[in-house]
Structure formats: C-alpha cells, structure tokens
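Asks:
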Amino acid sequence: MGNRFPMGRTQTGALTIAQLLLIIALVGVIAVGALFLTGVLPSDEQPPAPSPSTIVPQAEPELAEPIESTPAPAPETPVIEEAPVPAPVQEPLPKLDESDDDVRDALADIPLGNAGQQYLMSSNVIERGTSMVYLLVQGEVPYKLLPIARPKETFPIADDGTQVTVSAEGFARYDALAQWLMSLDVEALATALARFTPLFREAWSYYGEEAEAFDYAVISALDMVASTPDVDLAGARLVRKEAVWLYEDPAIEGLPAIQKQVLRMGPDNAAIVKDKASQARMVWVATLSEAP
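So in numbering that gives the first Met the number 0, spot 81 of the sequence shown is number 80, and the numbers just go up one at a time.
Structure, rendered in structure tokens:
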C-alpha cells in the first residue's frame with residue numbers, strides 16, 4: 000500500500016531550520032574565541048606576579064619641612080652719633096719774663112679796682128705775686144708788694160700817764176684795704192690765673208724750692224692769714240723798747256708779723272681779711288683738684 004502521506008521532496012538550494020541554528024552556533028563560538036585570544040575579554044587566569052627582585056620600589060615623595068614663621072625684626076632705631084666736642088685750644092704759654100701782657104689780658108674783664116689796676120701796671124706781675132706768697136709763708140708782711148700803700152699816719156696810742164695802750168682810732172686807717180679785698184672775686188681770679196700756674200711755679204723755683212711746692216705754699220700763706228687769733232687790740236698795753244713799741248702780752252707779741260698786722264686793722268677789718276683768705280684757700284684747693 001502506498002504511503003498515505005507522501006514524503007515531500009527535499010528542496011535543493013534552501014537551508015533548513017536545523018542548518019541555520021548550527022551556523023549561528025558556530026559563529027558564536029568563533030567570535031568568543033577571538034575575543035579571548037585578543038585579550039578583549041578577561042580570562043579567569045591572572046598574569047604571573049613579578050618576582051621580588053624585579054620590583055623596583057618607588058620612592059615616597061619627600062614631605063617639605065614645615066617653614067617656621069619668624070616675626071620680622073623690628074626696625075632698628077637709628078643711632079645718631081653726636082659729633083665730639085672739640086677741646087678748647089689753649090694758646091701756648093709765654094715765657095715768664097714776657098708774660099705781663101698775657102696776665103693783664105686774662106684779668107681785663109675782672110673788676111680789680113684802682114688798687115688792682117695799679118698792681119698790674121708794674122712789670123713782673125707773676126714774679127711779684129710769687130714773692131708775696133713767699134713772704135707770707137715766712138710770716139712777713141709784703142709791704143712793698145701790696146697795691147695799697149701803708150697808712151701815712153703813725154699808729155695811734157693812748158697814754159694816760161700810767162700806761163700806754165693801743166687806740167681804736169687807728170683801725171679806720173685800714174678800712175680801704177679791707178673793702179678792696181672784700182670786693183675781689185676770688186673765683187674769677189683763680190679761673191683766669193689757672194693757666195699761668197706753671198709760670199708761678201717756675202718763679203717759685205728761683206727761691207731754691209721745688210716748683211710744685213708753690214701749690215702748697217699758697218695754701219700755707221692763706222692759712223697763715225686765716226688762722227690769726229680773734230684778739231681786739233683796743234686797750235692792749237704797750238711797752239717801749241728803744242724806738243719801737245711792743246705788746247706787753249707775749250701771746251700777742253709772739254705772733255707772726257702778718258698776724259699782728261691783721262689785728263692792727265681792728266676786729267671788723269680783720270674779720271673781712273680772714274674770711275677772704277679762707278674763701279681764697281677753698282677756691283685754690285678746688286682749682287688744684289681740677290687741674291690735669
């Protein structure tokens with residue numbers, strides 16, 4: 000019996016469904032394999048890690064040291080240096096025997112009165128001043144060197160027939176000398192004459208003394224005057240010896256001549272002279288302490 004359902008003939012040149020599925024599967028396998036081979040798709044196996052000897056450690060970046068912020072220095076105060084004050088230039092000293100005009104010029108602005116001007120008019124001003132100091136140190140009175148002449152009147156005495164005493168009326172004869180001494184500015188005189196101290200010392204050496212001893216001779220002369228005792232001669236008894244009147248009291252008669260002369264000026268005038276001598280001593284000592 001023949002087939003109820005006849006078999007259809009296979010058509011040539013046409014793909015069946017099974018063939019088409021097979022082709023698609025092959026193409027997929029080929030594509031996946033190509034991706035693995037080209038490294039596009041990751042494989043399960045990791046590449047071998049390099050050996051430790053081939054690892055080059057990378058240097059860690061150095062950290063910059065922190066910069067300490069230091070405060071800016073305060074601006075320095077400019078130091079203004081003062082120009083040194085030049086020392087006063089002193090003129091060279093003249094020779095001793097040529098010094099009169101220089102001494103007069105140094106004392107020109109100091110009030111000296113008529114007596115002082117009269118003293119400066121004569122020559123050898125420094126030598127005469129040194130001679131005055133020399134006589135005073137000996138306790139003598141430099142009558143011939145003083146700028147004021149001795150009183151022309153004789154020293155007045157009182158005679159009552161039983162005793163002879165000193166009269167107080169004679170004290171006024173020395174008022175002019177005392178007033179002149181009181182008017183002198185000893186500080187100004189010492190300052191003006193300090194420059195000539197080497198010349199005074201030179202003149203002092205002519206007496207056979209050490210030149211520097213002049214400084215202390217001035218002090219001794221002033222001490223001689225200032226240390227005159229406080230004695231009022233008014234009424235002091237006198238005794239005559241040949242042509243000279245002497246003090247009956249040996250304590251008075253035994254005094255140096257310069258001190259007896261100070262007492263004959265009277266208590267008031269004597270106080271002026273002694274005070275001026277003490278002042279001059281202080282100024283002279285201060286001048287010596289400041290000398291180089």
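No residue lacks a Cβ here, since even glycine has one placed at the ideal position from N, Cα and C.
Any chance you could list the beta strand (DSSP E) runs of at least 3 consecutive residues sitting entirely within the region 139-171, in chain order?
Replies: Complete beta strand (DSSP E) runs here, min 3: 156-158, 163-165.
Asks: What is the residue span of the beta strand (DSSP E) that R236 lies within?
Replies: Counted from its first residue, the sequence shown places residue 236 at position 237. Looking at the DSSP string, the run of the beta strand (DSSP E) that includes R236 is 236-240.
Asks: Between the region 88-99 and the region 115-132, do three or more beta carbon pairs fall short of 8 Å?
Replies: Yes: at least three Cβ pairs fall under 8 Å.
Asks: Alpha carbon to alpha carbon, what distance is there between K259 and V140?
Replies: Residue mapping note: residue 140 aligns to position 141 of the sequence shown, counting from 1. Residue mapping note: residue 259 aligns to position 260 of the sequence shown, counting from 1. Cα-Cα distance, rounded: 10 Å.
Asks: Could you please give me the residues that DSSP links to L245 through a beta bridge?
Replies: To locate residue 245, count along the sequence shown from 1; it is residue 246. Note: L245 sits in a beta bridge opposite V238.
Asks: Which of helix, strand or coil does DSSP assign to I218?
Replies: The count along the sequence shown starts at 1 and reaches residue 218 at position 219. It is helical.
Asks: May I have the straight-line CA-CA distance separating G160 from P266, to the nearest angstrom?
Replies: Locating residue 160 in the sequence shown gives position 161, counting from the first residue. Locating residue 266 in the sequence shown gives position 267, counting from the first residue. One C-alpha to the other measures close to 26 Å.
Asks: Taking the alpha carbon of L106 as the reference point, which residue from G169, V185, A242 has its own alpha carbon closest?
Replies: By 1-based counting over the sequence shown, the position of residue 106 is 107. Taking only the C-alpha atoms, the option nearest L106 is V185.
Asks: If you follow the alpha helix (DSSP H) that P110 is in, where does it begin and where does it stop?
Replies: Start at 1 with the first residue of the sequence shown, and residue 110 comes out as number 111. Segment: none, P110 is in no alpha helix (DSSP H) and carries neither H nor E.
Asks: Would you check if the distance between the CB atom of Y173 and the CB atom of M264 is smaller than 8 Å?
Replies: The count along the sequence shown starts at 1 and reaches residue 173 at position 174. The count along the sequence shown starts at 1 and reaches residue 264 at position 265. In contact: Y173 and M264 (Cβ atoms closer than 8 Å).
Asks: Hey, how far is the Cα of Y132 from the Cα of I251?
Replies: By 1-based counting over the sequence shown, the position of residue 132 is 133. By 1-based counting over the sequence shown, the position of residue 251 is 252. Residue identity differs from the one stated: residue 132 is Val in this sequence, not Tyr. Their backbone Cα atoms lie some 23 Å apart in a straight line.
Asks: Do L119 and R103 have their C-beta atoms within less than 8 Å of each other?
Replies: In the sequence shown, residue 119 corresponds to position 120, counting from 1. In the sequence shown, residue 103 corresponds to position 104, counting from 1. Cβ atoms of L119 and R103: closer than 8 Å.
Asks: If we ignore side chains and look at the alpha-carbon of each, how far apart do M223 and Y206 end up?
Replies: As a first step, residue 223 is located in the sequence shown; it is residue number 224 there, counting from the start. As a first step, residue 206 is located in the sequence shown; it is residue number 207 there, counting from the start. Going from the Cα of M223 to the Cα of Y206 covers about 20 Å.
Asks: Classify L232 as buried or exposed, calling it buried when 16 or more other Cβ atoms lie within 10 Å of its own Cβ.
Replies: By 1-based counting over the sequence shown, the position of residue 232 is 233. Label assigned to L232: buried.
Asks: F199 and G299 - do their beta-carbons sit closer together than 8 Å?
Replies: Only positions 0 to 291 of the chain appear in this structure, which leaves residue 299 out of reach.
Asks: DSSP three-state label for E209, please.
Replies: Your numbering for residue 209 matches position 210 in the sequence shown. In the structure shown, E209 sits in coil (DSSP, three-state: anything other than H, G, I, E or B).
Asks: Among W179, L221, A175, which residue has its Cα nearest to the Cα of L111?
Replies: What you label residue 111 is simply residue 112 of the sequence shown in a count that begins at 1. Taking only the C-alpha atoms, the option nearest L111 is W179.
Asks: What number of angstroms, rounded off, separates the C-alpha of D214 from the C-alpha of L287?
Replies: The residue labelled residue 214 in the question sits at position 215 within the sequence shown. The residue labelled residue 287 in the question sits at position 288 within the sequence shown. Cα to Cα, D214 sits roughly 8 Å from L287.
Asks: Taking DSSP as the reference, what is the three-state secondary structure of V230?
Replies: Counted from its first residue, the sequence shown places residue 230 at position 231. If DSSP states are grouped into helix, strand and coil, V230 belongs with coil.
Asks: Roughly how many angstroms separate the alpha carbons of S277 and I147, rounded to a whole number?
Replies: Locating residue 277 in the sequence shown gives position 278, where the first residue counts as 1. Locating residue 147 in the sequence shown gives position 148, where the first residue counts as 1. Rounded to whole angstroms, S277 to I147 spans 21 Å at the Cα level.
Asks: Skipping 5 residues on each side, what residues in its chain have a beta carbon closer than 7 Å to that of V217?
Replies: Here residue 217 refers to the residue found at position 218 of the sequence shown. Result list for V217: V132, W283, in chain order.
Asks: Determine the closest residue to I271 out of V243, P228, A177, with distance taken between C-alpha atoms.
Replies: Against the sequence shown, residue 271 aligns to sequence position 272. Minimum Cα distance to I271 is reached at A177.
Asks: Using only the alpha-carbon positions, how far apart do V261 and A269 sit?
Replies: By one-based count along the sequence shown, residue 261 stands at place 262. By one-based count along the sequence shown, residue 269 stands at place 270. Rounded to the nearest angstrom, the two C-alpha atoms are 5 Å apart.
Asks: For Q137, name the three-state secondary structure that DSSP assigns.
Replies: As a working mapping, residue 137 is identified with position 138 in the sequence shown. Q137: coil per DSSP, three-state reduction.
Asks: Taking DSSP as the reference, what is the three-state secondary structure of D274?
Replies: Residue mapping note: residue 274 aligns to position 275 of the sequence shown, counting from 1. Three-state result, D274: helix.
Asks: Which residue comes first and which comes last in the alpha helix (DSSP H) that contains F199?
Replies: Counting from one through the sequence shown, the residue named residue 199 turns up at place 200. Residues 196-204.
Asks: Which two residues bound the contiguous alpha helix (DSSP H) that contains M181?
Replies: As a first step, residue 181 is located in the sequence shown; it is residue number 182 there, counting from the start. Looking at the DSSP string, the run of the alpha helix (DSSP H) that includes M181 is 174-182.
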